[in-house]
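Okay, structure first, notes after.
Protein chains in written order, with the UniProt record's numbering: chain A, 1 to 401; chain B, 1 to 401.
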């Protein structure tokens, strides 16, 4: 699916086209140096594009593979602004960055993709939900609260989903509230209460939208979450759903992408209800856990397409060569300290199994330490192997908690 | 195809099995920091394995992506020896390294894969040819000469293929000699004269052989060379040849691999004569240009399998997901200086096309600057696109020679 929009000005488009990115002096800045940054760097190395990474931690997974790595606070105005001045184009691998600095950089002519305007609409989950309502994008009912007292003083029907408005990630900052008692345990922050949706499937569609106006979508994927940690356990591509439902999910993802007018990747997470209604849950304006399978299964990985999109290069083929399933490697409960990937040799002996180790030296319960991709011509076989992988490998340490 | 050999001692095997490579203190040393090293680093990053690179050039393609990068002469005994002492396991991405240093390291208990013994049998093309004769491996007739005068004083039938015995690469050090006049232009070095083989196809098979004794072969690939530069222009996987010929080539590659008792990858280049005879041309004990297609087309890339092999991890699936063709990107004649990849955007707009830019800032005529992989479900379509790619992209510079 290809649509044409004027996303950036013609002047900017010409500038982008004239750019020589490959083995040149062009400098790409990336805010954040986690695993998403690390996997993005694999693509910048492939194209020999100079990269500048900013991350608060000296131990960040992206410390290697970048041409320059700086340590600094992503929420600090001056740090982000000064970093942005050094590069030719700025992107992110995490949403929680100082947007005022990005606004100022953009106002001064710096290319920032995704734009701070898009990020502002996404960074706060309350604003994000309001945005869907304003744009007639199907989503569950919600109410916004400035803090916990505000929430307490309102009448709410149990159960509901509580989300902290900002800075939550990987299931942190999301709770199912079933009673008055549960409310007492919530932190006193700006938040959103969402209607609890009873759903058949959690789906996601990644939309790639280029600075030059090209749009492509990855196939619909199906997700299974860990019941406690609220982290994805399996991502299955393609989703084993009806073609019509897949089509509907893709159309809604494109609607969301158009509404945000974003540049780069937009991962749209959705619920498929028991009536086959599609409700948008939330979005991420960057490469996403639900697209990791693409490194091995797709013609062009999500990371390469993010890069192509923000640089105004033609988008790569988003179709799959083979069925792909992704298993997250999260720290096992009860272990903390120097990580050991128990039975990794065992899973590597299975055809089509590729572990990705993010490079975090210390494991903690439920910490995202890596993922494993399983590819196979046959989806059923891939699913069988995925379960074998999940049951074999264990992220532990010598030290028990 | 899987065979079991005792390649390394049981003691070494147990040591390897006990190793924790992933996000650990384990240090892999790589001699050479060219494009092969760079692509190998993509895999060490994926597994978060610490790497130490040694290369003579500050501008080496592998300067990024390694955890440590040192500058030093690969032919200097002390440099290589001291470097080897710092790491837990040593591998190479180029054959021309100081073998005396590797011998001493190995004698002192250091793991070196491929072993200096294997490298010694390969580094000198005269010794390599003798080795095939000794092991009943089919190869073209040859004669060895200590220098040019030695060659001149012998009766040779024109035409023949002259090869300098050591330090030739990418077609440098190989000449077709058609007359007495041609001999006058040859350098005065140790050399080999080989019978000129009239062949239908140039084929290659990459054998992966693990420190723990596992052996797998990649499919037979077919190569087309540039008529002047003697560099590969297309590598086509799978080779469009008869199954029986492919089987024969695979068996001979395994015979060669067994004879060398190598650990890691062994790329075996062969001629298919007009009588469907297979003659071994030469080998490379490392990832090879003829296996670059595997990054996009195979379940497990040659680089990942080299790593798995030397670490004694299970080998990955060498089969292909889709047809793959590789086009080398070499510097265009007449250009020298800061590289420009003309029409790279044009080829990136074609489905299944992935450029790899090695990161050499300066182009020179016939210099290997990168490669492009074309993958497609349909081989004919892949071949058509490969030609389109070859005719579109041009490696030039602003400065003419």
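Backbone N, C-alpha and C fix where the C-beta goes; we use that ideal spot for every residue, glycine too. Predicted, not measured: the structure shown is a model, and the values here were computed from it.
In the structure shown, what three-state DSSP assignment does residue 262 of chain A receive?
coil
In angstroms, rounded to a whole number, what distance separates the CA positions of residue 244 of chain A and residue 238 of chain A?
14 Å
By the three-class DSSP mapping on this structure, what secondary structure does residue 120 of chain A have?
Look at residue 120 of chain A here: in three-state DSSP terms it is helix.
Along chain B, which residues have their Cβ under 9 Å away from the Cβ of residue 313 of chain A?
344, 345, 348, 349
Helix, strand or coil at residue 297 of chain A [DSSP, three-state]:
Helix, per DSSP.
Residue 348 of chain A - DSSP class collapsed to helix/strand/coil
helix
Beta-bridge partners of residue 195 of chain A, as assigned by DSSP
Bridge partners of residue 195 of chain A: A:160.
For residue 50 of chain B, list the residues DSSP reports as bridge partners.
B:27
Taking only beta-carbon atoms, is residue 20 of chain B less than 8 Å away from chain A?
yes
Does the count of Cβ pairs from the region 84-101 of chain A and the region 247-254 of chain A closer than 8 Å reach three?
Counting Cβ pairs under 8 Å, fewer than three are found: no touch.
Quick one, which of A:208, A:187, A:322, A:27 has its alpha-carbon nearest residue 378 of chain A's?
A:322
So what does DSSP say about residue 38 of chain B, is it helix, strand or coil?
Residue state, collapsed to three classes: helix.
Inspect the beta-carbon positions of residue 308 of chain B and residue 93 of chain B and report whether they are closer than 8 Å.
no
Would you call the region 141-160 of chain B in contact with the region 111-122 of chain B, where contact means no fewer than 3 C-beta pairs closer than 8 Å?
no
Please say whether residue 175 of chain A and residue 125 of chain A have beta carbons closer to each other than 8 Å?
no
Per-residue contacts from residue 211 of chain A into chain B (C-beta, under 9 Å)
By Cβ distance, chain B contributes nothing, its closest Cβ being about 13 Å from residue 211 of chain A, past 9 Å.
Quick check: residue 339 of chain A and residue 355 of chain A, are their CB atoms within less than 8 Å of each other?
Cβ atoms of residue 339 of chain A and residue 355 of chain A: not closer than 8 Å.
Locate the beta strand (DSSP E) running through residue 234 of chain A, then write down its first and last residues.
232-237
Give the interface partners of residue 357 of chain A over in chain B, defined as CB-CB distance under 8 Å, in chain order.
22, 23, 46, 47, 48
Starting from residue 302 of chain A, trace the beta strand (DSSP E) in both directions and tell me its first and last residue.
That residue, residue 302 of chain A, is in no beta strand (DSSP E); its alpha helix (DSSP H) goes 302-311.
Less than 8 Å between CB atoms is the rule here; does residue 322 of chain A satisfy it with respect to chain B?
yes
With respect to the alpha helix (DSSP H) encompassing residue 376 of chain B, which residues constitute its N-terminal and C-terminal limits?
No alpha helix (DSSP H) contains residue 376 of chain B, which is instead part of the beta strand (DSSP E) from 368-376.
Taking only three categories from DSSP, how would you classify residue 77 of chain A?
Three-state DSSP puts residue 77 of chain A in a helix.
Counterpart residues of residue 272 of chain B in DSSP-defined beta bridges:
B:201, B:278
Classification of residue 209 of chain A by the beta-carbon crowding that lies within 10 angstroms, buried from 16 upward
Counting Cβ neighbours within 10 Å, residue 209 of chain A comes out buried, since at least 16 surround it.
Cβ-based burial, residue 376 of chain A [other Cβ within 10 Å; buried from 16]
buried
Would you kindly check if the distance between the Cβ of residue 24 of chain A and the Cβ of residue 360 of chain B is under 8 Å?
Cβ atoms of residue 360 of chain B and residue 24 of chain A: not closer than 8 Å.
Residue 58 of chain A burial status per 10 Å Cβ neighbour count (16 or more: buried):
exposed
Nonlocal neighbours in the same chain, by C-beta distance under 7 Å from residue 147 of chain A, ignoring five residues either side:
188, 189, 190
Strictly below 7 Å CB to CB, what residues from chain A border residue 217 of chain B?
Under the 7 Å cutoff, chain A gives no residues; its nearest Cβ is about 15 Å from residue 217 of chain B.
If we define contact as Cβ-Cβ less than 8 Å, is residue 328 of chain A a contact residue for chain B?
Residue 328 of chain A does not count as touching chain B.
If distances are taken between C-alpha atoms only, which option among B:75, B:207, B:123 comes closest to residue 317 of chain B?
B:207
Counting only the same chain and skipping the five closest in sequence on each side, list residues whose C-beta sits under 6 Å from that of residue 143 of chain A.
193
Of the residues A:365, A:201, A:325, which one's Cα is nearest the Cα of residue 353 of chain A?
A:325
Tell me which residues share the same chain as residue 299 of chain B and place their Cβ nearer than 7 Å to its Cβ, disregarding the 5 neighbours each side in the sequence.
316, 317, 319, 321
Ignore the nearest five residues each way along the sequence and tell me which others in residue 61 of chain A's own chain have a CB closer than 8 Å to its CB.
Excluding its 5 nearest sequence neighbours in each direction, residue 61 of chain A has C-beta neighbours in its own chain below 8 Å: 33, 34, 35, 37, 38, 358, 359, 360, listed in chain order.
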